[in-house]
Amino acid sequence: MSNKVALIGAGVMGSAIGARLLETGNQLAVFDLDKDKVAALVTKGATAAASAADAAEASDFVILSLNSPNIVRAAVFGKDGVAAGAKPGTLIIDMSSIDPESTKALATEATEHKLEWLDCPLSGGAPKVAIGQLAVMVGGQSDAFERSKTVMDHLCANYTLMGPSGAGQTTKLINQVLCALNFVAVAEATQLALDAGVDATQIPKAIAGGRADSAILQEFMAKFARKDYTPTGNINNMVKDLNGVQDLARITGTAMPLTAVCAEIHRVLVAAGLGEADNAVLMKYFEGPAA
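Heads up, the sequence shown is in our numbering, so the first residue is 1 and it goes up one at a time.
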């Protein structure tokens, strides 16, 4: 089925989402302040929109792929934002990763504009969306969730309603705790393997299917061992998510000592000027000052 979708935000993830939707036969109007990113999707069949309002005007679904609550708010409720062009009943699918409290406020404001809202943060990154294998955790109303499947089934292998608005973002923060700790563990273990003279690129194969196996181990240990810093994600984004985790933990009173250490390791890398680098630069933390 061909859906009319607006995409607001054509960064690394937004561009991958847009490309997948076009490949699976959807109609796509795209808006981003970076015209080159828009142009890249236009070459694949998208229509360039003059504003977020313009993109939303002829669409039944609006996907957001943005970096912060303030940017999301401006894109939807600001001048020439989604709300200025969207017809009543338009479903906003926010695939940004932002904090749960901001999400709840945005969803409430959307209702006041007669728009529907789902928070749909993702896990899997650009490689998984390219093959329609994302894991997406959702917050919102069940009827909106069911309606969204006509679009999201093109992007996801695992699409789960977790509860009301904010529940998707809360689940994503929990996901990021597990990812961040796993990244650090894999980097630390990789350095031990290298120091001990073991071929770290072979370890994922050697322990595949065992209790220590994980998607991050399989995808990243060889990359870490090769010091391959090809972008697949970046340290700044992980710090943003870990900050959100720690904010939530303060609200809930949850003790998270391992997450605190993990967050500080990432902040050390940011302080060293590596915030925009790939997660694989975690290796630089473990290499030591002589590396």
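We put the beta carbon where it would ideally sit given N, CA and C, even for glycine.
On the premise that residue j lies in contact with residue i, defined as a C-beta separation below 8 Å, what is that separation, rounded to the nearest angstrom?
i    : j    : result
L91  : A144 : 6 Å
A58  : K4   : 6 Å
L282 : L173 : About 20 Å; that fails the 8 Å criterion.
D228 : A180 : Not quite, the Cβ-Cβ distance comes to about 19 Å (not below 8 Å), so this is no contact.
Please go through the same chain and pick out, in chain order, the residues whose beta-carbon is closer than 7 Å to the beta-carbon of residue i, but skip the five residues on each side of it.
i    : result
K104 : S165, G166
S15  : K37, A40, L41
V177 : V245, T259
T171 : M137, M162
What separation, rounded to the nearest whole angstrom, lies between the Cα atoms of residue i and residue j?
i    : j    : result
P127 : A215 : 13 Å
E112 : E188 : 49 Å
R73  : G85  : 15 Å
E295 : M162 : Nothing about residue 295 can be read from this structure; the chain reaches only from 1 to 291.
I98  : G210 : 34 Å
G197 : G273 : 30 Å
Q27  : A55  : 11 Å
A277 : M137 : 26 Å
P69  : D199 : 43 Å
A10  : G124 : 17 Å
G168 : L194 : 38 Å
T108 : E116 : 9 Å
F286 : K223 : 15 Å
D241 : M13  : 16 Å
N67  : S142 : 26 Å
E264 : G140 : 33 Å
K284 : D34  : 32 Å
G288 : T254 : 32 Å
A110 : V268 : 38 Å
R226 : K79  : 47 Å
A212 : A135 : 21 Å
K114 : A208 : 49 Å
R146 : G89  : The sequence given here has Glu at residue 146, not Arg. Approximately 14 Å between the Cα atoms of the pair.
Within the same chain, show all residues whose beta-carbon is closer than 8 Å to that of residue i, passing over the 5 residues directly before and after it, in chain order.
i    : result
V270 : I235, N236, V239
I17  : L7, I63, S65, M95, V129, L155
T24  : G132, H154
I93  : F61, V62, I63, L64, L118, C120, S148, V151, M152
A46  : L7, G18, L22, L28, A29, V30, V38
S2   : G25, N26, Q27
G310 : There is no way to answer for residue 310, as the model of the chain reaches only from 1 to 291.
Starting from residue i, trace the alpha helix (DSSP H) both ways and give me its first and last residue.
i    : result
G14  : 12–23
T252 : 235–252
L106 : 100–112
D199 : Where D199 is concerned, there is no enclosing alpha helix (DSSP H), given that its DSSP letter is neither H nor E.
T230 : Per DSSP, T230 belongs to no alpha helix (DSSP H) and is neither H nor E.
V125 : Per the sequence shown, the amino acid found at residue 125 is Gly instead of Val. Looking at the DSSP string, the run of the alpha helix (DSSP H) that includes G125 is 125–129.
I207 : Taken as a continuous stretch (DSSP letters only), I207 belongs to no alpha helix (DSSP H), as it is neither H nor E.
V281 : Unbroken run through V281: none, as it is neither H nor E.
For residue i, report the span of its beta strand (DSSP E) as first-last.
i    : result
V261 : Here V261 belongs to no beta strand (DSSP E); instead the alpha helix (DSSP H) covers 257–271.
Q27  : 27–31
N158 : 156–163
M137 : 134–139
L118 : 116–119
If I measure Cβ to Cβ from residue i and keep anything under 6 Å in the same chain, skipping five residues before and after, which residues do I get?
i    : result
D149 : For the sequence presented, residue 149 should be read as Lys rather than Asp. Correct list: empty, nothing qualifies.
H266 : I235, M238, V239
T252 : none
G82  : Residue 82 is actually Val in this sequence, not Gly. A52, A56, V62, V76, listed in sequence order.
C262 : A180, L181, V184
P231 : D278
Practice task
Take every Cβ of the stretch 192–207, pair it with every Cβ of the stretch 216–226, and state whether three or more of those distances are shorter than 8 Å.
Solution key: yes
Practice task
State whether the stretch 154–162 contacts the stretch 127–143, with contact taken as three or more CB pairs (one from each stretch) at a distance under 8 Å.
Solution key: yes
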